Amino acid sequence: MSEWIQYATREKNGWTILRISGQLDRLTMDEAREESEKFLGGAEKFAVELSALEYLSSAGLRVILRLAKKASAEGKSFALCAPSASSRHVLKDASMDIFVSIYETEEDLP
76 MSEWIQYATR EKNGWTILRI SGQLDRLTMD EAREESEKFL GGAEKFAVEL SALEYLSSAG
136 LRVILRLAKK ASAEGKSFAL CAPSASSRHV LKDASMDIFV SIYETEEDLP
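Residue numbers (the numbering used here): 76 to 185.
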């Protein structure tokens, strides 16, 4: 695992929640995609929690879109939750809420 990105998972109210910490960019995107897809595989409802994400680049956005597309193709629920201030700004600028459900907190997940 890269020193630039860390992962932690937990189950809550039927959701598998993957917390990504650090940086999600071109240097970490392949690892993040592989790790995320492993957890997505065993989940019916999958959320990526971004409260500890320090940096999100366009490469990171592509990872998120790929996860959303894969979840949709498999009939699974997918969401983002608790975006950090910096990731919230990037998600908003990219109009990601058109493609992905984004919740302000983990408790807001349906």
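Where a beta carbon is used, it is the ideal one built from N, C-alpha and C, also for glycine. All values derive from a computational prediction rather than experimental measurement.
Quiz prompt | Residue closest to S162, alpha-carbon to alpha-carbon, out of R108, S126, N88 | solution = S126
Exercise. Taking G135 and L99 to be in contact with their CB atoms under 8 Å, please state how far apart those CB atoms are, rounded to whole angstroms.
Key: 3 Å
Practice problem: Out of E182, S96, L102, state which residue places its alpha-carbon closest to the alpha-carbon of Y82. | Solution: S96
Quiz prompt | Whole-angstrom C-beta distance between L115 and A157, which should lie under 8 Å | solution = Rounded, the Cβ-Cβ distance is 18 Å, inconsistent with contact.
Practice problem: Give, in chain order, every unbroken run of the alpha helix (DSSP H) that is at least 4 residues long and sits entirely within the segment 80-163. | Solution: 104-116, 133-148
Exercise. Determine which residues share a DSSP beta bridge with S77 and list them.
Key: Answer is none; S77 lacks a bridge partner.
Quiz item: Between the beta-carbon of A122 and the beta-carbon of L155, is there less than 8 Å?
Solution: yes
Practice problem: Please report the Cβ distance between E119 and K151, rounded to the nearest whole angstrom; I am assuming they are in contact, meaning their Cβ atoms lie under 8 Å. | Solution: 6 Å
Quiz item: Hey, how far is the Cα of H164 from the Cα of L131?
Solution: 9 Å
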